[in-house]
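First the structure, in the form of structure tokens, and then the observations on it.
In my numbering, the protein residues as written are 82 to 248.
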């Protein structure tokens, strides 16, 4: 009886180890691919910088979409966006790439949001910051720009539910 129970427990243990072994192998494989191809390792290719630019742009979009958006939020994120734009330009990237133009639309929406909602005093304190962002937009704006509609839309719950029911 004891041996049968021991065999059963060992068999159960072995059946639990096999998937764990496969899981560890898959994790190692995924990590190796991430390490070799991720934009976080070396940001020396435009193809690695564009997704990062999109991700950071989305952070600003998300902040703009919150119900109680903090004024002048995301200054560090915008500094990173500026870094990515400069780095893409340095690597010979083109300005008319849709991802860059949509990023600039989001930055424009950010400036407009802060100009609309900030008090006169707060606007005066951050005037050079907003001018800097506007200058960044002007610098990278392509003459072939088509509106990407980056930024946010305002709508009600009932409008959202009505749109969701549409076929």
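Positions of the beta carbon are idealized from the N, C-alpha and C atoms, including for glycine.
Euclidean distance between Cα positions of residue i and residue j
i           : j           : result
residue 92  : residue 238 : 55 angstroms
residue 177 : residue 95  : 57 angstroms
residue 107 : residue 219 : 46 angstroms
residue 160 : residue 118 : 24 angstroms
residue 209 : residue 216 : 10 angstroms
residue 197 : residue 148 : 15 angstroms
residue 173 : residue 136 : 21 angstroms
residue 165 : residue 158 : 11 angstroms
residue 248 : residue 183 : 28 angstroms
residue 162 : residue 114 : 25 angstroms
residue 84  : residue 90  : 10 angstroms
residue 150 : residue 244 : 25 angstroms
residue 126 : residue 111 : 21 angstroms
residue 171 : residue 128 : 14 angstroms
Nonlocal neighbours in the same chain, by C-beta distance under 8 angstroms from residue i, ignoring five residues either side
i           : result
residue 195 : 152, 153, 204, 207, 211
residue 155 : 140, 141, 144, 191
residue 82  : none
CB of residue i within 8 angstroms of CB of residue j, strictly
i           : j           : result
residue 192 : residue 214 : yes
residue 180 : residue 133 : no
residue 145 : residue 199 : no
residue 246 : residue 185 : no
Contacts around residue i, its chain only, beta-carbon distance under 7 angstroms, and the 5 residues preceding and following it disregarded
i           : result
residue 242 : none
Same chain, Cβ closer than 6 angstroms to residue i, five either side skipped, listed in chain order
i           : result
residue 175 : none
* Within the chosen definition, does the stretch 91-105 reach the stretch 134-151 through at least 3 CB pairs nearer than 8 angstroms? -> no
* To do: Mind listing, in chain order, the continuous beta strand (DSSP E) runs of no fewer than 3 residues lying wholly within the stretch 135-206?
  => none
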